[in-house]
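Chemist: Before we start, here is the structure in question, set down as structure tokens.
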Amino acid sequence: ILSVPGIDVAFVGPGDLSASLGKPGRSDDPEVVKAIQRVIAVSREHGIIPGVHTDSLKKAKYWIDEGARMIGFYTDIKLILEISKNYTRELRSHIDGVAGKTKAENQ
Numbered sequence: 441i442l443s444v445p446g447i448d449v450a451f452v453g454p455g456d457l458s459a460s461l462g463k464p465g466r467s468d469d470p471e472v473v474k475a476i477q478r479v480i481a482v483s484r485e486h487g488i489i490p491g492v493h494t495d496s497l498k499k500a501k502y503w504i505d506e507g508a509r510m511i512g513f514y515t516d517i518k519l520i521l522e523i524s525k526n527y528t529r530e531l532r533s534h535i536d537g538v539a540g541k542t543k544a545e546n547q
């Protein structure tokens, strides 16, 4: 597939790949990792941008170090949930800091 003219990017979804290899949900399995490394190597041989979807900064850095040049990071839902949790945590901390104080004391 990577030798077909017109392909610009080879983007690997480790979750899908692990399922195709009979190891669903095991994207860190050595066989899955080796297959992704192979896609990256062959992509580069053909002048195609290798990409990998990741779900953590640690994995994103790992795949960049392995040669990936396009990183899909998280999903829209995970990003929205993470931002919501962080904002809620920050606001709760702020509320705890001002609870029971007058407006003047909080300024």
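Numbering (my numbering), first residue to last: 441 to 547.
From the three backbone atoms N, C-alpha and C, an ideal C-beta is built for every residue, glycine too.
(1) Using 10 angstroms around the beta-carbon of ILE476, count the other beta-carbons present and answer buried if the total reaches 16, otherwise exposed.
(2) Give me the Cα-Cα distance between LYS498 and ILE504, rounded to the nearest whole angstrom.
(3) Can you give me the C-alpha to C-alpha distance between SER460 and GLY537, rounded to a whole angstrom?
(4) Give the straight-line distance between the Cα atoms of SER458 and LEU521, rounded to the nearest whole angstrom.
(5) I think VAL452 touches VAL492, with their Cβ atoms under 8 Å apart; what is that distance to the nearest whole Å?
(6) Helix, strand or coil for GLY512, going by three-state DSSP, please let me know.
(7) I need the boundaries of the beta strand (DSSP E) containing ILE504, first residue and last residue.
Modeler: So, from the data block:
(1) buried
(2) C-alpha separation (whole angstroms): 10 Å.
(3) 51 Å
(4) Straight-line spacing of the CA atoms in SER458 and LEU521 works out to 25 Å.
(5) 5 Å
(6) strand
(7) Not the beta strand (DSSP E): ILE504 falls in the alpha helix (DSSP H), residues 497-505.
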